[in-house]
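Chains as they are written, first to last, in the numbering used here: chain R, 16 to 501; chain S, 6 to 117.
Here's the structure, in structure tokens; my notes come after.
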Amino acid sequence: MIATIAYSPYPSWLNPGDNTWQLVSATLVGLMSLPGLVVLYGGIVQKKWAINTMLMAFTGFSLVLIVWVLWGYNMGFGNPVGSAGGSGIMHFFRDMVGMPHPITSHYAEQNQAVSGAQTLIPFHYPTATLAYFQFVFAAITPLLFLGSVIGRIKFKAWLLLVPLWCTFIYCVDAFLLWGGGYFASEGAVDYSGGYVIHLSAGVSGFVAAWVLGPRLKRDREHGVPNNLFMAALGAGILWLGWNGFNGGDTFYAGTDAAAAVLNTNVATATALLTWLIMDMGFSKQKKPTLLGAINGMICGLVAITPSAGWVDGYGAIIVGFVASFVVWFAWNFLSKVRPFSKVDDALGVIYTHGIAGLLGGLMVGFLADPGMIEYGASGTASFATGGGGVTPFSVNGLFYGGGFHQLWEQFRAAVWIILFSAIGTFILLQIVKFVCRGLREPDEVLLIGDLAIHDEEVNPRETFAERIGGMGSYDMGDDAEMAERR
Amino acid sequence: MKLVTAIIKPFKLDDVKDALKKLGVQGLTVTEAQGFGRQGGHTEVYRGAEYTVDLVPKIRVDVVVDDAIASDIVETIVEAAKTGKIGDGKVWSVSVDEMVRIRTGERGSDAI
Numbered sequence: 016m017i018a019t020i021a022y023s024p025y026p027s028w029l030n031p032g033d034n035t036w037q038l039v040s041a042t043l044v045g046l047m048s049l050p051g052l053v054v055l056y057g058g059i060v061q062k063k064w065a066i067n068t069m070l071m072a073f074t075g076f077s078l079v080l081i082v083w084v085l086w087g088y089n090m091g092f093g094n095p096v097g098s099a100g101g102s103g104i105m106h107f108f109r110d111m112v113g114m115p116h117p118i119t120s121h122y123a124e125q126n127q128a129v130s131g132a133q134t135l136i137p138f139h140y141p142t143a144t145l146a147y148f149q150f151v152f153a154a155i156t157p158l159l160f161l162g163s164v165i166g167r168i169k170f171k172a173w174l175l176l177v178p179l180w181c182t183f184i185y186c187v188d189a190f191l192l193w194g195g196g197y198f199a200s201e202g203a204v205d206y207s208g209g210y211v212i213h214l215s216a217g218v219s220g221f222v223a224a225w226v227l228g229p230r231l232k233r234d235r236e237h238g239v240p241n242n243l244f245m246a247a248l249g250a251g252i253l254w255l256g257w258n259g260f261n262g263g264d265t266f267y268a269g270t271d272a273a274a275a276v277l278n279t280n281v282a283t284a285t286a287l288l289t290w291l292i293m294d295m296g297f298s299k300q301k302k303p304t305l306l307g308a309i310n311g312m313i314c315g316l317v318a319i320t321p322s323a324g325w326v327d328g329y330g331a332i333i334v335g336f337v338a339s340f341v342v343w344f345a346w347n348f349l350s351k352v353r354p355f356s357k358v359d360d361a362l363g364v365i366y367t368h369g370i371a372g373l374l375g376g377l378m379v380g381f382l383a384d385p386g387m388i389e390y391g392a393s394g395t396a397s398f399a400t401g402g403g404g405v406t407p408f409s410v411n412g413l414f415y416g417g418g419f420h421q422l423w424e425q426f427r428a429a430v431w432i433i434l435f436s437a438i439g440t441f442i443l444l445q446i447v448k449f450v451c452r453g454l455r456e457p458d459e460v461l462l463i464g465d466l467a468i469h470d471e472e473v474n475p476r477e478t479f480a481e482r483i484g485g486m487g488s489y490d491m492g493d494d495a496e497m498a499e500r501r
Numbered sequence: 006m007k008l009v010t011a012i013i014k015p016f017k018l019d020d021v022k023d024a025l026k027k028l029g030v031q032g033l034t035v036t037e038a039q040g041f042g043r044q045g046g047h048t049e050v051y052r053g054a055e056y057t058v059d060l061v062p063k064i065r066v067d068v069v070v071d072d073a074i075a076s077d078i079v080e081t082i083v084e085a086a087k088t089g090k091i092g093d094g095k096v097w098s099v100s101v102d103e104m105v106r107i108r109t110g111e112r113g114s115d116a117i
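As structure tokens, then:
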């Protein structure tokens, strides 16, 4: 007798719902980069820099993916380089980064995902899913600090900086906070990357802008955006894409994913309106501006990122308001004080990502509501309360009786991220400067922009362009001859 | 023949065009222009950064007419484009030596 063979696309550990949501949310986060940031930044920069800015975003995304599958993913989320145990400083170095190796084999891609990031429950999807999900976060981070360095960084220098930065800064921070590394094991939390992504991008961008020196004087004086439609489109993609950014970081398509999505939107709406009202009430012109609203929106998205599934709806409103309110003052007044006034952070990444990310990360220590259950305990009547001696997983902030512990852990992790990103980025830029013989395009190139670097302009006009060569055959004779032959 | 050139407020173009059509003008050329006079410019704010824009958008109307009606044309444009507020623009006319309709080769007044 021949046994019946039952084929299945699902290994026993795979849950199609979880796998679907994780791939969908990963794709949403990817869309935040391509085309979200591409058109947001491409629209906000002046016309002569649109192509250069957009191409740096596309190349950064591509470079990070290659780094990610060959060694980066396991540096961020694999096994620690050191052996377990130890305390204090030894604990720190043993649990600083994962052992680099590729995830490109058939086994690595299809095997059940395992990571120190999540040890409470097994993942219900393969490594390929988790690796792609974590990749889109790794990819957007350098694209965010691109906003600080546009308008003068040498294109080649960007192509070298991105893989170096991803390897030596991002992967280390990701492991420390997410991959089961030192700060994670000490209790610091970062729901979706307020620290690892936004604070780090803000600080790195600021340091890079300082090392690079300012854009040309003419560009600083004439740097008006070239297309506010594109800025609005990119901003909208960022907002809704953030549903994947925060909604995917429970790693399961459960209740906390839903709460994180809702909280993200609540904080963002609050922040957008806060900035708008500040502009209307307290700016010199007292006018509501689209780009101001977008700044506020980004502050809210960034600030809720470290806490999205650990605060409740009230917390989300407070997070959105505080972040937008504080960053509005920083944007308008701190920017006039050294060192901020002396560093040409072209798109202000230090404010909307750095400061907003820092505020969001610290607010976890105040506002995390232990009733917001990320992972419930089994065998209980109510998912939210736990019981039977099993405690559900949640985070407990100062305002909810959690004491100062969480705030202290959030503070320590922030100090690390700021110092490590700043010093690390400074050192990497010295290496890039040496290899590329400089970090800036020459001034005569900067005066022209896209046309000088790429031979492309963002709105070419056919009337003034005549084909002289290149790919394909265009010289097929004139139209009359072609018609006769037909 | 005279070339009458008017620099007017953009929202006055329809009024000027209609008034000229009523006078029998058969064609004119319109260009979007930027300029400044006594009106001065305005401020724009992008992400908190203030910019001053001292060239304001205007419409330039060029029309070639017979000497006989040139002054009527000028008066008509002035009347149609006037709001009484600063920035209404200018109208001037200069003599035209030659005019050719490209399609037919007609010259002078016939080409108007």
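Every residue gets a Cβ at the ideal spot worked out from N, C-alpha and C, and that includes glycine.
Apart from the 5 residues on each side of it in sequence, residue 34 of chain S sits with its Cβ closer than 6 angstroms to the Cβ of 67 in its chain, given in chain order. Residue state for residue 38 of chain S is assigned as strand, using DSSP reduced to three classes. If the five residues before and after residue 343 of chain R are omitted, its C-beta is found closer than 6 angstroms to the C-beta atoms of 290 and 293, all from its own chain and listed in chain order. Listed in chain order, the positions of the stretch 304 to 334 of chain R with a beta carbon within less than 8 angstroms of a beta carbon of chain S are 304, 306, 307 and 310.
For residue 63 of chain R, not one C-beta of chain S is nearer than 8 angstroms to its own C-beta. Chain order gives the chain R residues near residue 48 of chain S as 300, where near means a beta carbon separation below 8 angstroms. Put simply, the backbone Cα of residue 466 of chain R is about 19 angstroms away from that of residue 454 of chain R.
Straight across, the Cα-Cα distance linking residue 495 of chain R with residue 487 of chain R is about 21 angstroms. Within the model, the alpha-carbon separation for residue 149 of chain R versus residue 212 of chain R is close to 11 angstroms. When only Cα atoms are considered, residue 223 of chain R and residue 255 of chain R end up about 29 angstroms apart. In this structure, DSSP gives residue 10 of chain S an extended state, which the three-state scheme calls strand. Under the DSSP definition of a beta bridge, residue 62 of chain S partners with S/39. When C-alpha distances from residue 347 of chain R are compared across S/110, S/75 and S/55, the shortest belongs to S/55. Here residue 145 of chain R has 37, 92, 128, 130, 138 and 266 as same chain residues with Cβ atoms under 8 angstroms from its own Cβ, once five neighbours each way along the sequence are excluded. For residue 90 of chain S, the secondary structure class from DSSP, reduced to helix, strand or coil, is coil.
In this structure, the CA atom of residue 64 of chain R is about 8 angstroms from the CA atom of residue 57 of chain R. For residue 112 of chain S, no CB of chain R lies under 8 angstroms from its own CB, so it is not counted at the interface with that chain.
When R/286, R/46, R/268 and R/262 are compared, the shortest CA-CA separation from residue 277 of chain R is found for R/262. What residue 346 of chain R touches in chain S, judged by beta-carbon distance under 7 angstroms, is 53, going in chain order. Note on residue 163 of chain R: 16 or more other CB atoms within 10 angstroms of its CB, so buried under the neighbour-count rule. In this structure, the alpha-carbon of residue 96 of chain S lies about 40 angstroms from that of residue 298 of chain R.
Secondary-structure assignment with DSSP links residue 168 of chain R through a beta bridge to R/455. Residue 287 of chain R and residue 331 of chain R have their C-alpha atoms some 13 angstroms from each other.
Taking a C-beta cut-off of 9 angstroms against chain S, the contacting residues of the stretch 357 to 374 of chain R are 362 and 363, listed in chain order.
For residue 47 of chain S, the three-state secondary structure derived from DSSP is strand.
DSSP, read as helix, strand or coil, puts residue 302 of chain R in coil.
Assignment of alpha helix (DSSP H) within the stretch 403 to 489 of chain R, counting only whole runs of 4 or more residues, yields 420 to 450, 458 to 463 and 465 to 469 in chain order.
Three or more pairs of CB atoms, one per stretch, sit closer than 8 angstroms, so the stretch 377 to 394 of chain R contacts the stretch 405 to 418 of chain R. Rounded to the nearest whole angstrom, the C-alpha separation of residue 217 of chain R and residue 324 of chain R is 23 angstroms. Within 10 angstroms of the beta-carbon of residue 20 of chain R lie fewer than 16 other beta-carbons, which makes it exposed. If you check each beta-carbon in the stretch 223 to 242 of chain R against every beta-carbon of chain S, the ones closer than 7 angstroms belong to 239 and 240. For residue 258 of chain R and residue 207 of chain R, the gap between their C-alpha atoms comes out near 11 angstroms. For residue 64 of chain S, the CB contacts under 7 angstroms within the same chain, skipping 5 residues up- and downstream, are 13, 15, 18, 35, 37 and 38 in chain order. Within its own chain, the residues whose Cβ lies closer than 8 angstroms to the Cβ of residue 328 of chain R, once the five positions on either side in sequence are excluded, are 277, 278 and 281, listed in chain order.
Checking the DSSP bridge columns, you'll see residue 105 of chain S partnered with S/112.
Each of R/372, R/187, R/197 and R/165 was checked against the Cα of residue 424 of chain R, and the nearest Cα belongs to R/197.
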